[in-house]
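Oh and the sequence shown: position 150 is 150 in my numbering, straight run, nothing missing. For glycine and all other residues, C-beta sits at the position ideal for the given N, C-alpha and C. Have a look at the structure below before the remarks.
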Amino acid sequence: MSARMIHPGPRAEPRQRAVRSILQPIRGPLCAGRTVLRAVDELFAASHCKGGVLYLNDIACDPLRYVLPALSSDGVHAAWYSGIHDLGAARILRATASVGQRDGAAFLHCHGIWQGTDGSLRMGHLLPQETVIALDATAHGLGSDSAWFEGLPCAETAFTLFTPQGGTPEGTGLLARILPGEDVVTAIETLCAHHGLRQARLHGLGSIDHIRFAEGHRMDCLATELRLAGAHLRDGRAHLPIEVVDIAGRIAHGTLTRGDNPVGVTLELVIEPLE
């Protein structure tokens, strides 16, 4: 296996960051002719929510633009992005978006799988400012009127990354971020235990540095982009199926093993309690 990801800045503490929040279901329209960013912002504003998570499923777009993860060549960052892939008319099959703001304006971070007119499947990091909804659609997710993800400079990685902000002490749900190098499975379990959660749905996206699956296969790549796909916490133990893409555009599916899957750059989570 090749070397693990090394970030340029000092190691930050704590390694798991979370704010408590009362989460509410969101469901509503995404209007044709809007960029994905504007349509999602309008939906959250109409729901009186500042941030959360949204699922974008079966949504026609034209154009649909995205990037893949890539190795860094700037001598600073541990990973980077590919050039822009423009599919033209395409359909988002399933995607997960963390919703919040950056530089005082609405922003979102979205990983998903899409299908071009030739039927081929692609996966990556959606460019929400450049992707336009072609037909009216409906999206659903979870929102908070007190908590959100804020794009903030991260000295450790030299990126601007979504970090949970706000919240309310009486909230039982969580908006969270796990920092680089932490094992995804055990970090989620530790975070949930700290907040007294044993049963929960886990929503999120991010990156893992070299991936090991419980089914026996692996993705040996420094830079990846992933989304949780039906992940949950049961009796305090995390079960984490994911969909993920590497720098060559190869897509993999599987369940993460315990202790073998360190966060690459970041992992954003919305944790929905079921108790």
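Tell me the DSSP secondary structure of residue i in three-state form.
i	result
R38	helix
A46	helix
P69	strand
I84	coil
H77	coil
D260	coil
M1	Here M1 scores only 48 on pLDDT, less than 50, and its place in the model is too uncertain to base an answer on.
G9	coil
G206	strand
L64	coil
L179	coil
A90	strand
Residue i lies in the beta strand (DSSP E); which residues open and close that run?
i	result
T255	251 to 255
Q16	16 to 21
Q199	Neither: Q199 is in no beta strand (DSSP E) and is coded neither H nor E.
V263	263 to 273
A28	It is Gly, not Ala, that sits at residue 28 in the sequence shown. Here the beta strand (DSSP E) through G28 covers 24 to 30.
G33	Looking at the DSSP string, G33 is not in any beta strand (DSSP E), and its letter there is neither H nor E.
I59	51 to 61
Should residue i and residue j be called a contact, given that it needs their Cβ atoms to be closer than 8 Å?
i	j	result
L226	I208	yes
H111	A137	no
L256	I242	yes
A97	A223	no
G151	V53	no
S21	S146	yes
G143	I26	yes
Q199	R234	yes
L202	A238	yes
G204	V245	no
F149	F162	yes
E182	Q24	no
G28	L43	yes
V185	L240	yes
L64	A139	no
G51	A155	no
Locate the alpha helix (DSSP H) running through residue i, then write down its first and last residues.
i	result
H194	184 to 194
Are the region 167 to 180 and the region 220 to 233 touching by the rule of at least three beta carbon pairs closer than 8 Å? In the pairwise beta carbon analysis, the region 167 to 180 is classified as not touching the region 220 to 233: fewer than three pairs are separated by under 8 Å.
At which residue ranges does the region 97 to 172 contain complete beta strand (DSSP E) runs of 3 or more residues, listed in the order of the chain? Entirely contained in the region 97 to 172, the beta strand (DSSP E) runs reaching 3 residues are, in chain order, 105 to 116, 121 to 126, 137 to 144, 147 to 154, 159 to 166.
Going residue by residue through the region 213 to 247, where are the continuous beta strand (DSSP E) segments of at least 3 residues, counting only ones entirely within it? Under the rule that a run must span 3 or more residues, the beta strand (DSSP E) segments found entirely inside the region 213 to 247 read 225 to 228, 231 to 234, 237 to 239, 241 to 245.
Does the contact criterion of 3 or more C-beta pairs under 8 Å hold for the region 30 to 39 versus the region 175 to 189? A contact is defined here as three or more CB-CB pairs under 8 Å, and the region 30 to 39 fails this definition with respect to the region 175 to 189.
Are the region 55 to 70 and the region 82 to 91 touching, with three or more C-beta to C-beta distances below 8 Å? Put simply, the region 55 to 70 touches the region 82 to 91. At least three CB pairs are less than 8 Å apart.
Contact between the region 5 to 18 and the region 121 to 134: three or more CB pairs below 8 Å? No: fewer than three Cβ pairs fall under 8 Å.
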